[in-house]
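Asks: Just so it is clear: in the sequence shown, position 274 is 274 by the UniProt record's numbering, and no numbers are missing.
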Amino acid sequence: MGYLRHLECTHCHAQHSPDALHNLCPRCGKVLFPRYDLERVRAEVSRDEFARREPTMWRYREVMPINDPANIVTLGEGMTPLLPLKEVGRRLGLRRVHVKEEGLNPTGSFKARGLSAAVSKAKELGVRAASMPSAGNAGSAAAAYCARAGIELYLVMPADVPHVNQVECDICGAHTFLIRGLINDAGRSLRARGREQGWFDMSTLKEPYRVEGKKTMGYELAEQFGWSLPDVIIYPTGGGTGIVGMWKAFEELEALGWIGSHRPRMVIVQAAGCAPMVRAHREGREHAEPWQDARTVAAGLRVPEAIGDYLILQAVRESGGTSYAVTDDEILADMRELAGAEGLFACPEGAATYGALKALVRDRLVAADERVVLFNTGAGMKYVDLVRPTLPTFEPAHPPEALRA
1 MGYLRHLECT HCHAQHSPDA LHNLCPRCGK VLFPRYDLER VRAEVSRDEF ARREPTMWRY
61 REVMPINDPA NIVTLGEGMT PLLPLKEVGR RLGLRRVHVK EEGLNPTGSF KARGLSAAVS
121 KAKELGVRAA SMPSAGNAGS AAAAYCARAG IELYLVMPAD VPHVNQVECD ICGAHTFLIR
181 GLINDAGRSL RARGREQGWF DMSTLKEPYR VEGKKTMGYE LAEQFGWSLP DVIIYPTGGG
241 TGIVGMWKAF EELEALGWIG SHRPRMVIVQ AAGCAPMVRA HREGREHAEP WQDARTVAAG
301 LRVPEAIGDY LILQAVRESG GTSYAVTDDE ILADMRELAG AEGLFACPEG AATYGALKAL
361 VRDRLVAADE RVVLFNTGAG MKYVDLVRPT LPTFEPAHPP EALRA
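1. Once the 5 residues before and after L374 are set aside, which same chain residues still bring their CB inside 6 Å of it?
2. Tell me whether T10 is buried or exposed, calling it buried when 16 or more other Cβ atoms sit within 10 Å of its Cβ.
3. Fully enclosed by the segment 50 to 130, which alpha helix (DSSP H) runs are 4 residues long or longer?
4. What residue does the alpha helix (DSSP H) around R362 start on, and which one ends it?
5. Measuring alpha carbon to alpha carbon, tell me which residue in A272, N137, P55 and G173 is nearest V164.
6. Three or more C-beta pairs closer than 8 Å, one from the segment 228 to 244 and one from the segment 280 to 292: is that the case here?
7. Just to check my reading of the structure: S319 and R263 have Cβ atoms closer than 8 Å, yes? What is that Cβ distance to the nearest angstrom?
8. Can you tell me which of the three DSSP states A271 falls into?
9. Flag this pair as yes or no: are the beta carbons of L7 and L24 separated by less than 8 Å?
10. Please report how far the alpha carbon of H398 lies from the alpha carbon of L104, in whole angstroms.
11. What are the boundary residues of the beta strand (DSSP E) that includes T176?
12. From the DSSP output, in three-state form, read off A397 for me.
13. Counting Cβ pairs closer than 8 Å, one from the segment 373 to 389 and one from the segment 345 to 359, do we hit at least three?
14. Are R42 and G257 closer than 8 Å when you measure CB to CB?
15. Rank G245, R59, R191 and L344 by C-alpha distance to the C-alpha of L82 and give the top, closest one.
16. Leaving aside the five residues before and after V297 along the sequence, list all residues of the same chain whose C-beta is less than 7 Å from its C-beta, in chain order.
17. Report the option in P34, E101 and L21 whose CA atom is closest to the CA atom of G380.
18. Count the other CB atoms, across all protein chains shown, that sit within 10 Å of the CB of R188; report buried if there are 16 or more and exposed otherwise.
19. Taking all protein chains shown into account, do 16 or more other C-beta atoms lie within 10 angstroms of the C-beta of E395, making it buried, or fewer, making it exposed?
20. Label P208 either buried or exposed according to how many other C-beta atoms from any shown protein chain fall within 10 Å of its C-beta, with 16 as the threshold for buried.
21. In three-state terms, what does DSSP make of D309?
22. Got a sec, what are the start and stop residues for the alpha helix (DSSP H) F250 sits in?
23. When the Cα atoms are used, what is the spatial distance from G355 to Q270?
24. Less than 8 Å between the C-beta atoms of L85 and P133, yes or no?
25. According to DSSP, is P296 part of a helix, a strand, or is it coil?
26. Whole angstroms is fine: what's the gap from R362's alpha carbon to L338's?
27. CA-CA distance, F50 and T107?
28. Check the C-beta distance from V73 over to V119 and give it rounded, since I have them as a contact under 8 Å.
29. Across which residues does DSSP place V373 in a beta bridge pair?
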């Protein structure tokens, strides 16, 4: 038997059984969080034990929602490297800049964490068919993990998502459809048919368990920093499950006695062409108004409306953090700069965090000796269509001057 006690509404605090399928809170329609018997975990598990366990996110299984380990659906996700960015730090006058390289997860993005957890719990609760909209990488991860679990999956994605995502979903056997619209349109197109057919909705924060996979990024950061936390986390924010999950992780870690009360300043970054959370934060609001005519090259940031908006804004506000929006031109330039400076081929969402770091330095909101972590949430190799190389071509008999002996 696991340590999961109940599901708790993040708004009205009503409690619900974790042994039944749930999406949003039946009472108020807000996001549900799994809650654990942390006192028992604290008494029975030492943080030192994790170093002897498998290098995946399931090393933290006592604070994960699966009761029977046989139901865990894994492809080896988690325990991604925390890499120093020495040249970036030198250029910006910062001594301790790191990147959490989530592009090395299975299916090439941090979405693998959330879908591993969600699909595992769906399997445990007997789900046979599921559905979700996706901006790209979540669909790829869902297709892979549902295939591994034997769960039938129905996906709708915007027609202009990266070709790689379309291939990944198709090759894993998901029923995949493309819509000439945004992720919100994709979600609406699934809703009625999903209810009619009994497909379990795995949309971002509309079920309680994807956030549990994402929170393991927070556990890993603490472990990789010797059971302490950085001073600043810069996170690319679309649906927001990552930042919400990490904020939950830090609360649990302190309750377990594994870290102290220090919290990082949480900095969210969005694209200038779709920045509802940045606008809401800057205006001091608790909820974000939907963004009209959302446009950006960063598919994962093209989320006009996030159901967990109040949780994202709460994490930024409680941490003393801030928010930035960066342009597509900045994102594309920073993809090149990161690759040239550090050998890191970041996804556009990850490159956006570099733009936000530059803004923090410009605004004097980060000190030279503070520990800063950027999150690269996906592999840049998935976005090669955004990079237009202009490579010189020559005949063997006529090498260019740079190659002449």
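The C-beta atom is built at its ideal place from N, Cα and C for all residues, glycine as well.
Replies: In short, the structure shows the following:
1. V99, I234 and T353
2. buried
3. 86 to 92 and 111 to 124
4. P348 to R362
5. N137
6. no
7. 5 Å
8. strand
9. no
10. 40 Å
11. H175 to I179
12. coil
13. yes
14. By the CB criterion at 8 Å, R42 and G257 fall inside the cutoff.
15. L344
16. Once the five neighbours on either side are set aside, the close Cβ partners of V297 are D328, I331, L332, P348 and L386.
17. E101
18. exposed
19. exposed
20. Per the 10 Å Cβ criterion, buried.
21. helix
22. Going by DSSP, F250 is part of the alpha helix (DSSP H) stretching over T241 to A255.
23. So the alpha carbons of these two residues sit roughly 10 Å apart.
24. Contact annotation: L85 and P133 have beta-carbon atoms that are not nearer than 8 Å.
25. Checking the sequence, you will find Thr at residue 296 rather than Pro. Note: T296 maps to coil in three-state DSSP.
26. 18 Å
27. 24 Å
28. Confirmed, Cβ separation roughly 5 Å.
29. H98 and I233
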